[in-house]
Every structure is written in C-alpha cells, then in structure tokens.
Amino acid sequence: MISLIVGMTYSHVIGKEGGLPWHLPEDLQNFKKLTSSNVVIMGRKTYDSLPPKYRPLPNRVNIVISRTMEEQEGVVVARSVEDALQKGKEFGKEMFVIGGATIYDQMLSFVDTMYISYVDQEYEGDTFFPKFNKGEFSVQNTQKFSDFTIITYKRKQP
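Residues 817 to 974 in the working numbering are what the sequence shown spells out, letter by letter.
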C-alpha cells in the first residue's frame with residue numbers, strides 16, 4: 817500500500833526556506849507512530865532538511881529519490897519515482913511518501929491513502945502541496961488536535 821503523509825495549511829503551504837514554518841510536537845509524534853517500521857520515500861531536499869541526528873529516520877527504511885546523491889549507510893537511493901516504488905515494494909511494508917512538493921506531485925496518482933494534517937494557523941511559505949481532486953478520495957477519519965486536524969483520505973475504487 818502507498819500512503820502519503822503531509823502537514824500543511826489550508827492554503828497548501830508545506831514549507832518555507834527549506835524547513836517547516838511551524839513546530840507541532842503532537843503532529844511529529846503522529847508522523848513517527850504511522851511511519852515507524854515502514855518505508856518512507858522522500859526527495860533529496862527533504863532528506864537534507866532533516867536534523868542530522870534524525871538522518872536517516874530511525875526504525876524506517878529510508879528511500880531518497882535523487883539523480884545525484886551517492887549511496888550512504890541507512891539510505892536506499894532511487895533515481896526516479898518508479899525506481900523508488902519498485903525498491904519500496906521489495907520490503908513488503910507500507911510505503912509513506914513524505915515530501916517534498918515535487919515528490920508529492922509525482923506520487924499523487926499512485927497513492928491509496930493520504931494523512932493530511934491541516935494546521936489551524938496560516939503561515940507564509942514558498943513550498944506548496946499540489947492541488948488534488950478531492951472527488952477521487954473519501955474522508956475516512958478526522959482527528960482534531962489543539963493546533964491542527966488530521967484528515968485521512970482513501971482513494972475511491974473505480
């Protein structure tokens with residue numbers, strides 16, 4: 817199964833100057849809970865934005881999509897989205913697409929489930945989650961937290 821997990825504002829802001837414009841510990845805990853023991857797929861810029869002590873993300877298979885990144889310990893390097901999906905399948909675990917914007921855009925058509933944390937406050941940003949057709953998904957679950965709401969979307973079967 818291919819899932820996507822993202823935190824964003826209602827205006828689709830997901831980043832600013834290479835990082836998150838907000839700090840929401842509860843959301844980070846949810847991210848860890850969902851992705852632990854699974855495969856995470858990300859672009860090189862997202863990988864580079866992780867704090868060094870969390871690189872690679874522990875207790876997860878880290879697949880980084882990059883045309884130029886060299887192989888390194890704890891990281892599976894994929895040269896394309898298709899390559900990442902193929903390598904991810906080999907582990908037999910749920911795959912989570914974790915960013916950034918270009919990877920989200922390229923992976924959206926492959927995703928079965930989306931876990932979107934909508935941040936209650938608006939922030940300025942320079943990186944955005946792509947627009948998607950909500951008609952292709954049904955709302956599976958909604959969880960309200962103090963500063964954000966997680967909506968789980970499942971792709972409708974044709």
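Using N, Cα and C, we set each Cβ at its ideal position, and we do this for glycine too.
Confirm, please, whether the CB-CB distance from residue j to residue i is below 8 Å.
{"i": "residue 972", "j": "residue 956", "result": "no"}
{"i": "residue 817", "j": "residue 952", "result": "no"}
{"i": "residue 968", "j": "residue 931", "result": "yes"}
{"i": "residue 897", "j": "residue 922", "result": "yes"}
{"i": "residue 830", "j": "residue 926", "result": "no"}
{"i": "residue 855", "j": "residue 872", "result": "no"}
{"i": "residue 832", "j": "residue 942", "result": "yes"}
{"i": "residue 924", "j": "residue 907", "result": "no"}
Return the chain-ordered list of same chain residues with a C-beta closer than 6 Å to the C-beta of residue i, the five sequence neighbours on each side being excluded.
{"i": "residue 874", "result": "none"}
{"i": "residue 852", "result": "875"}
With respect to the beta strand (DSSP E) encompassing residue i, which residues constitute its N-terminal and C-terminal limits?
{"i": "residue 927", "result": "That residue, residue 927, is in no beta strand (DSSP E); it is neither H nor E in DSSP."}
{"i": "residue 956", "result": "953-960"}
{"i": "residue 823", "result": "818-825"}
{"i": "residue 870", "result": "Residue 870 -> no beta strand (DSSP E), and no H or E assigned at all."}
{"i": "residue 970", "result": "964-971"}
Would you call residue i buried or exposed, if buried means 16 or more other Cβ atoms sit within 10 Å of its Cβ?
{"i": "residue 920", "result": "buried"}
{"i": "residue 870", "result": "exposed"}
{"i": "residue 827", "result": "exposed"}
Could you tell me whether any non-hydrogen atom of the ligand SAH is closer than 7 Å to the CB of residue i?
{"i": "residue 931", "result": "Ligands in the displayed structure: none, and consequently the ligand SAH is not present."}
Determine the extent of the alpha helix (DSSP H) in which residue i is found, giving its start and end residues.
{"i": "residue 895", "result": "Looking at the DSSP string, residue 895 is not in any alpha helix (DSSP H), and its letter there is neither H nor E."}
{"i": "residue 863", "result": "860-865"}
{"i": "residue 844", "result": "841-851"}
Suppose the cutoff is 7 Å on Cβ atoms and the five residues either side in sequence are ignored; what does the same chain contact list for residue i look like?
{"i": "residue 847", "result": "821"}
{"i": "residue 865", "result": "834 and 835"}
Less than 8 Å between C-beta atoms, sequence neighbours within five positions excluded: which residues of the same chain meet that for residue i?
{"i": "residue 950", "result": "969"}
{"i": "residue 964", "result": "823, 840, 842, 843, 933, 934, 935 and 936"}
task: May I ask you to verify whether the region 855-863 touches the region 879-887, counting CB pairs closer than 8 Å and requiring at least 3?
output: yes
message: Within 8 Å, do at least three Cβ pairs link the region 822-841 to the region 888-896?
response: no
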